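Engineer: Residue numbers (mature numbering (1 follows the signal peptide of the UniProt record, and there is no 0)): -21 to -1, 1 to 223.
Structure, rendered in C-alpha coordinates:
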(Lines of atoms letter the chains of each structure in order from A and count residues from 1; the text may use other names and numbers.)
(Lines give C-alpha, C1' and ligand atoms only; values in the text may rest on other atoms or scores of the structure.)
Protein backbone atom coordinates (compact mmCIF):
# COMPACT_ATOMS: atom_id res chain seq x y z
CA UNK A 1 0.00 0.00 0.00
CA UNK A 2 2.84 2.35 0.87
CA UNK A 3 4.54 1.63 -2.46
CA UNK A 4 1.29 2.38 -4.31
CA UNK A 5 0.86 5.70 -2.49
CA UNK A 6 4.48 6.59 -3.22
CA UNK A 7 4.01 5.90 -6.94
CA UNK A 8 0.83 7.99 -7.04
CA UNK A 9 2.65 10.85 -5.31
CA UNK A 10 5.60 10.68 -7.73
CA UNK A 11 3.34 10.60 -10.79
CA UNK A 12 1.41 13.61 -9.47
CA UNK A 13 4.65 15.54 -9.09
CA UNK A 14 5.69 14.54 -12.59
CA UNK A 15 2.37 15.69 -14.01
CA UNK A 16 2.60 19.01 -12.18
CA UNK A 17 6.15 19.54 -13.44
CA UNK A 18 5.10 18.78 -17.00
CA UNK A 19 2.21 21.23 -16.78
CA UNK A 20 4.53 23.96 -15.53
CA UNK A 21 7.13 23.23 -18.21
CA UNK A 22 4.46 23.37 -20.93
CA UNK A 23 2.99 26.61 -19.63
CA UNK A 24 2.90 29.77 -21.75
CA UNK A 25 5.69 32.34 -21.67
CA UNK A 26 3.19 35.20 -21.74
CA UNK A 27 -0.08 35.81 -19.87
CA UNK A 28 -3.02 34.40 -21.81
CA UNK A 29 -5.52 36.78 -23.37
CA UNK A 30 -9.21 36.20 -22.67
CA UNK A 31 -10.92 34.70 -25.70
CA UNK A 32 -14.43 35.60 -24.48
CA UNK A 33 -16.05 33.10 -26.82
CA UNK A 34 -19.78 32.41 -26.86
CA UNK A 35 -20.68 28.85 -27.85
CA UNK A 36 -24.32 29.90 -28.16
CA UNK A 37 -23.38 32.22 -31.02
CA UNK A 38 -24.01 29.90 -33.96
CA UNK A 39 -22.90 32.51 -36.48
CA UNK A 40 -19.50 32.69 -34.78
CA UNK A 41 -19.18 28.89 -34.88
CA UNK A 42 -20.11 28.85 -38.56
CA UNK A 43 -17.52 31.53 -39.37
CA UNK A 44 -14.94 29.66 -37.30
CA UNK A 45 -15.63 26.47 -39.24
CA UNK A 46 -15.21 28.34 -42.51
CA UNK A 47 -11.87 29.83 -41.45
CA UNK A 48 -10.62 26.49 -40.10
CA UNK A 49 -11.43 24.60 -43.29
CA UNK A 50 -9.94 27.40 -45.37
CA UNK A 51 -6.67 27.92 -43.51
CA UNK A 52 -6.02 25.02 -41.11
CA UNK A 53 -7.32 21.71 -42.44
CA UNK A 54 -4.48 21.42 -44.92
CA UNK A 55 -2.22 20.44 -42.02
CA UNK A 56 -4.42 19.86 -38.97
CA UNK A 57 -7.01 17.11 -38.81
CA UNK A 58 -10.08 16.68 -36.60
CA UNK A 59 -10.04 12.91 -36.52
CA UNK A 60 -12.67 12.58 -33.77
CA UNK A 61 -15.19 14.71 -35.67
CA UNK A 62 -17.33 13.95 -38.70
CA UNK A 63 -18.49 16.38 -41.36
CA UNK A 64 -22.20 15.59 -41.04
CA UNK A 65 -22.13 16.04 -37.25
CA UNK A 66 -20.42 19.41 -37.63
CA UNK A 67 -23.00 20.49 -40.19
CA UNK A 68 -25.93 19.33 -38.06
CA UNK A 69 -24.66 21.03 -34.90
CA UNK A 70 -23.81 24.29 -36.66
CA UNK A 71 -27.01 24.48 -38.72
CA UNK A 72 -25.29 23.84 -42.07
CA UNK A 73 -26.87 21.77 -44.81
CA UNK A 74 -25.12 18.69 -46.21
CA UNK A 75 -24.83 20.40 -49.59
CA UNK A 76 -23.12 23.40 -48.01
CA UNK A 77 -20.71 21.16 -46.09
CA UNK A 78 -19.82 19.19 -49.23
CA UNK A 79 -19.28 22.32 -51.32
CA UNK A 80 -17.43 24.46 -48.77
CA UNK A 81 -15.85 22.31 -46.06
CA UNK A 82 -14.74 19.07 -47.72
CA UNK A 83 -11.48 19.54 -49.65
CA UNK A 84 -10.04 16.01 -49.53
CA UNK A 85 -10.44 12.66 -51.27
CA UNK A 86 -10.31 9.10 -49.97
CA UNK A 87 -7.69 6.45 -50.76
CA UNK A 88 -9.45 5.62 -54.03
CA UNK A 89 -9.39 9.25 -55.14
CA UNK A 90 -13.12 9.79 -54.67
CA UNK A 91 -14.41 12.86 -52.77
CA UNK A 92 -14.52 12.41 -49.01
CA UNK A 93 -18.00 11.41 -47.83
CA UNK A 94 -20.22 13.58 -45.67
CA UNK A 95 -20.13 10.97 -42.91
CA UNK A 96 -16.33 10.62 -42.86
CA UNK A 97 -13.93 11.93 -40.27
CA UNK A 98 -12.01 15.14 -40.90
CA UNK A 99 -8.57 14.14 -42.19
CA UNK A 100 -5.91 16.36 -43.71
CA UNK A 101 -5.06 16.69 -47.39
CA UNK A 102 -1.30 16.67 -46.74
CA UNK A 103 0.56 13.36 -46.88
CA UNK A 104 2.45 12.37 -43.74
CA UNK A 105 5.69 12.04 -45.73
CA UNK A 106 5.36 15.61 -47.01
CA UNK A 107 4.63 16.90 -43.50
CA UNK A 108 7.78 15.26 -42.16
CA UNK A 109 9.85 16.69 -45.01
CA UNK A 110 8.51 20.22 -44.70
CA UNK A 111 7.91 20.55 -40.94
CA UNK A 112 10.03 17.69 -39.46
CA UNK A 113 6.86 15.99 -38.17
CA UNK A 114 3.13 15.83 -39.00
CA UNK A 115 0.98 18.60 -37.54
CA UNK A 116 -1.02 17.51 -34.47
CA UNK A 117 -4.70 16.69 -34.57
CA UNK A 118 -6.69 19.58 -33.06
CA UNK A 119 -9.88 17.83 -31.97
CA UNK A 120 -9.05 17.97 -28.26
CA UNK A 121 -6.73 20.98 -28.20
CA UNK A 122 -9.26 23.26 -26.50
CA UNK A 123 -9.86 20.68 -23.77
CA UNK A 124 -6.12 20.19 -23.30
CA UNK A 125 -4.97 23.80 -23.29
CA UNK A 126 -8.16 25.86 -23.01
CA UNK A 127 -9.73 28.43 -25.38
CA UNK A 128 -7.57 31.29 -24.07
CA UNK A 129 -4.41 29.43 -25.09
CA UNK A 130 -5.63 28.93 -28.66
CA UNK A 131 -6.72 32.57 -28.88
CA UNK A 132 -3.38 33.84 -27.58
CA UNK A 133 -1.25 31.60 -29.79
CA UNK A 134 -3.03 32.67 -32.99
CA UNK A 135 -2.40 36.33 -32.09
CA UNK A 136 1.25 35.91 -31.02
CA UNK A 137 3.25 35.11 -34.16
CA UNK A 138 6.18 37.39 -34.89
CA UNK A 139 9.03 37.56 -37.40
CA UNK A 140 12.16 35.65 -36.40
CA UNK A 141 14.93 35.08 -38.96
CA UNK A 142 16.55 32.45 -36.75
CA UNK A 143 13.62 30.06 -37.18
CA UNK A 144 13.34 27.74 -40.23
CA UNK A 145 9.94 29.17 -41.21
CA UNK A 146 10.87 32.75 -40.41
CA UNK A 147 8.43 33.14 -37.51
CA UNK A 148 8.27 32.42 -33.80
CA UNK A 149 5.46 32.58 -31.29
CA UNK A 150 5.42 34.46 -27.99
CA UNK A 151 2.98 32.01 -26.40
CA UNK A 152 4.58 28.85 -27.82
CA UNK A 153 8.32 29.36 -28.21
CA UNK A 154 9.95 27.71 -31.23
CA UNK A 155 6.67 26.41 -32.59
CA UNK A 156 7.26 24.55 -35.86
CA UNK A 157 4.28 26.14 -37.59
CA UNK A 158 4.04 28.95 -40.16
CA UNK A 159 1.81 31.94 -39.58
CA UNK A 160 -0.98 30.80 -41.90
CA UNK A 161 -3.14 33.83 -41.10
CA UNK A 162 -0.44 36.36 -41.96
CA UNK A 163 -2.40 37.79 -44.88
CA UNK A 164 -5.22 38.67 -42.46
CA UNK A 165 -3.20 39.89 -39.48
CA UNK A 166 0.00 41.11 -41.09
CA UNK A 167 3.43 40.82 -39.51
CA UNK A 168 4.57 41.59 -35.98
CA UNK A 169 8.04 41.90 -34.50
CA UNK A 170 9.21 41.23 -30.97
CA UNK A 171 10.60 44.44 -29.52
CA UNK A 172 11.29 42.70 -26.22
CA UNK A 173 12.90 39.36 -25.41
CA UNK A 174 11.90 35.70 -25.41
CA UNK A 175 11.23 35.92 -21.67
CA UNK A 176 9.29 39.19 -21.89
CA UNK A 177 8.01 39.59 -25.47
CA UNK A 178 6.62 42.90 -26.65
CA UNK A 179 4.85 42.48 -29.95
CA UNK A 180 4.27 45.40 -32.28
CA UNK A 181 2.85 45.53 -35.79
CA UNK A 182 5.28 46.26 -38.62
CA UNK A 183 3.05 45.41 -41.60
CA UNK A 184 -0.74 45.49 -41.43
CA UNK A 185 -2.66 42.68 -43.09
CA UNK A 186 -6.02 42.73 -44.83
CA UNK A 187 -7.88 43.12 -41.54
CA UNK A 188 -7.66 45.62 -38.72
CA UNK A 189 -6.69 44.49 -35.25
CA UNK A 190 -10.26 44.16 -33.97
CA UNK A 191 -11.38 42.36 -37.13
CA UNK A 192 -8.51 39.90 -36.90
CA UNK A 193 -9.19 39.29 -33.22
CA UNK A 194 -12.77 38.38 -34.15
CA UNK A 195 -11.53 35.90 -36.76
CA UNK A 196 -9.29 34.27 -34.14
CA UNK A 197 -12.18 34.29 -31.65
CA UNK A 198 -14.39 32.51 -34.18
CA UNK A 199 -11.74 29.85 -34.84
CA UNK A 200 -11.26 29.42 -31.10
CA UNK A 201 -15.00 29.01 -30.57
CA UNK A 202 -15.17 26.38 -33.32
CA UNK A 203 -12.27 24.37 -31.86
CA UNK A 204 -13.81 24.63 -28.40
CA UNK A 205 -17.06 23.22 -29.77
CA UNK A 206 -15.16 20.45 -31.60
CA UNK A 207 -13.48 19.38 -28.36
CA UNK A 208 -16.85 18.80 -26.69
CA UNK A 209 -19.79 18.86 -29.12
CA UNK A 210 -22.36 17.92 -26.45
CA UNK A 211 -21.36 20.74 -24.13
CA UNK A 212 -24.31 23.00 -24.87
CA UNK A 213 -26.75 20.10 -24.88
CA UNK A 214 -25.38 18.88 -21.55
CA UNK A 215 -25.73 22.37 -20.07
CA UNK A 216 -29.36 22.58 -21.18
CA UNK A 217 -30.12 19.15 -19.74
CA UNK A 218 -28.41 20.17 -16.50
CA UNK A 219 -30.65 23.22 -16.17
CA UNK A 220 -33.77 21.05 -16.60
CA UNK A 221 -32.46 18.59 -14.01
CA UNK A 222 -31.85 21.38 -11.50
CA UNK A 223 -35.34 22.78 -12.15
CA UNK A 224 -36.83 19.31 -11.63
CA UNK A 225 -34.93 18.85 -8.37
CA UNK A 226 -36.15 22.21 -7.07
CA UNK A 227 -39.75 21.35 -7.97
CA UNK A 228 -39.41 17.84 -6.49
CA UNK A 229 -37.97 19.27 -3.26
CA UNK A 230 -40.93 21.62 -2.95
CA UNK A 231 -43.44 18.81 -3.59
CA UNK A 232 -41.62 16.54 -1.12
CA UNK A 233 -41.75 19.27 1.51
CA UNK A 234 -45.51 19.70 1.04
CA UNK A 235 -45.97 15.92 1.19
CA UNK A 236 -43.91 15.67 4.38
CA UNK A 237 -45.86 18.53 5.93
CA UNK A 238 -49.18 16.88 5.05
CA UNK A 239 -48.04 13.46 6.28
CA UNK A 240 -46.85 14.69 9.68
CA UNK A 241 -49.71 17.10 10.25
CA UNK A 242 -51.84 14.65 12.30
CA UNK A 243 -48.95 12.74 13.89
CA UNK A 244 -48.27 15.31 16.54
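We put the CB at the ideal spot given by N, CA and C, even for glycine. Keep in mind that this is a model prediction, so the values were computed, not measured.
How would you write the range of the alpha helix (DSSP H) that residue 192 sits in, first residue to last?
Structural biologist: Working through the chain shown from its first residue, we reach residue 192 at position 213. Where residue 192 is concerned, the enclosing alpha helix (DSSP H) stretches over 190 to 218.
Engineer: Buried or exposed for residue 107, please, with buried defined as at least 16 other CB atoms from any protein chain shown within 10 angstroms of its CB.
Structural biologist: Counted from its first residue, the chain shown places residue 107 at position 128. Its Cβ being crowded by 16 or more others within 10 Å, residue 107 is buried.
Engineer: Enumerate in chain order the residues of its own chain whose CB-to-CB distance from residue 8 is below 7 Å, with the five nearest sequence positions on each side excluded.
Structural biologist: Sequence index remark: in the chain shown, residue 8 carries index 29 (1-based). Closer than 7 Å at the Cβ level, and outside the excluded window around residue 8, lie 107, 110, 111 and 114.
Engineer: Out of curiosity, what's the CA-to-CA distance linking residue 178 and residue 219?
Structural biologist: For the purposes of this step, residue 178 is identified with residue 199 of the chain shown, where counting begins at 1. For the purposes of this step, residue 219 is identified with residue 240 of the chain shown, where counting begins at 1. Their Cα atoms are separated by approximately 59 Å.
Engineer: Kindly indicate which three-state DSSP category residue 49 falls into: helix, strand or coil?
Structural biologist: As a first step, residue 49 is located in the chain shown; it is residue number 70 there, counting from the start. Residue 49 falls in the helix class under three-state DSSP.
Engineer: Using the Cβ count rule (16 or more neighbours within 10 Å means buried), how would you classify residue 116?
Structural biologist: Residue 116 sits at position 137 when you count from the first residue of the chain shown. That one is buried.
Engineer: Determine the direct distance from the alpha carbon of residue 162 to that of residue 51, and round the result to whole angstroms.
Structural biologist: Translated into positions along the chain shown, residue 51 becomes position 72. Translated into positions along the chain shown, residue 162 becomes position 183. Spanning the two alpha carbons is a distance of roughly 36 Å.
Engineer: Would DSSP call residue 101 helix, strand or coil?
Structural biologist: On the chain shown, residue 101 is found 122 positions in, with the first residue counted as 1. Residue 101 falls in the helix class under three-state DSSP.
Engineer: Measuring CA to CA, which of 192, 47, 144 and 140 is closest to residue 74?
Structural biologist: Counted from its first residue, the chain shown places residue 74 at position 95. Ranking 192, 47, 144 and 140 by Cα distance to residue 74 puts 47 first.
Engineer: Going by the DSSP bridge assignment, what does residue 160 pair with across the sheet?
Structural biologist: If you number the chain shown from 1, residue 160 lands on position 181. Beta-bridge pairing links residue 160 to 147.
Engineer: Using beta-carbon positions only, say whether residue 200 and residue 30 come within less than 8 Å of one another.
Structural biologist: What you label residue 200 is simply residue 221 of the chain shown in a count that begins at 1. What you label residue 30 is simply residue 51 of the chain shown in a count that begins at 1. Not closer than 8 Å, so no.
Engineer: Need the endpoints of the beta strand (DSSP E) that residue 118 sits in, please.
Structural biologist: Reading the chain shown from its first residue, position 139 is the one you call residue 118. From DSSP, the beta strand (DSSP E) with residue 118 extends over 116 to 118.
Engineer: If you follow the alpha helix (DSSP H) that residue 82 is part of, which residue opens it and which one closes it?
Structural biologist: The residue labelled residue 82 in the question sits at position 103 within the chain shown. Residue 82 -> no alpha helix (DSSP H), and no H or E assigned at all.
Engineer: Could you tell me which residues DSSP pairs with residue 176 in its beta bridges?
Structural biologist: The residue labelled residue 176 in the question sits at position 197 within the chain shown. Answer is none; residue 176 lacks a bridge partner.
Engineer: Of the residues 103, 101, 82 and 102, which one's Cα is nearest the Cα of residue 94?
Structural biologist: To locate residue 94, count along the chain shown from 1; it is residue 115. Cα-wise, what sits closest to residue 94 is 82.
Engineer: Excluding sequence positions up to five away, which residues of its chain have a Cβ less than 7 Å from the Cβ of residue 188?
Structural biologist: Sequence index remark: in the chain shown, residue 188 carries index 209 (1-based). Correct list, in chain order: 44 and 48.
Engineer: Between the beta-carbon of residue 98 and the beta-carbon of residue 38, is there less than 8 Å?
Structural biologist: Sequence index remark: in the chain shown, residue 98 carries index 119 (1-based). Sequence index remark: in the chain shown, residue 38 carries index 59 (1-based). Contact: yes.
Engineer: Distance, Cα to Cα, residue 58 vs residue 203?
Structural biologist: Residue 58 sits at position 79 when you count from the first residue of the chain shown. Residue 203 sits at position 224 when you count from the first residue of the chain shown. About 44 Å.
Engineer: With DSSP collapsed to three states, give me the class of residue 309.
Structural biologist: Beyond the ends of the chain as shown, which are -21 and 223, falls residue 309; an answer cannot be given.
Engineer: Would the beta-carbon of residue 226 fall within 8 Å of that of residue 145?
Structural biologist: What the structure shows of the chain is the stretch from -21 to 223, and residue 226 is not part of that stretch, so it cannot be assessed.
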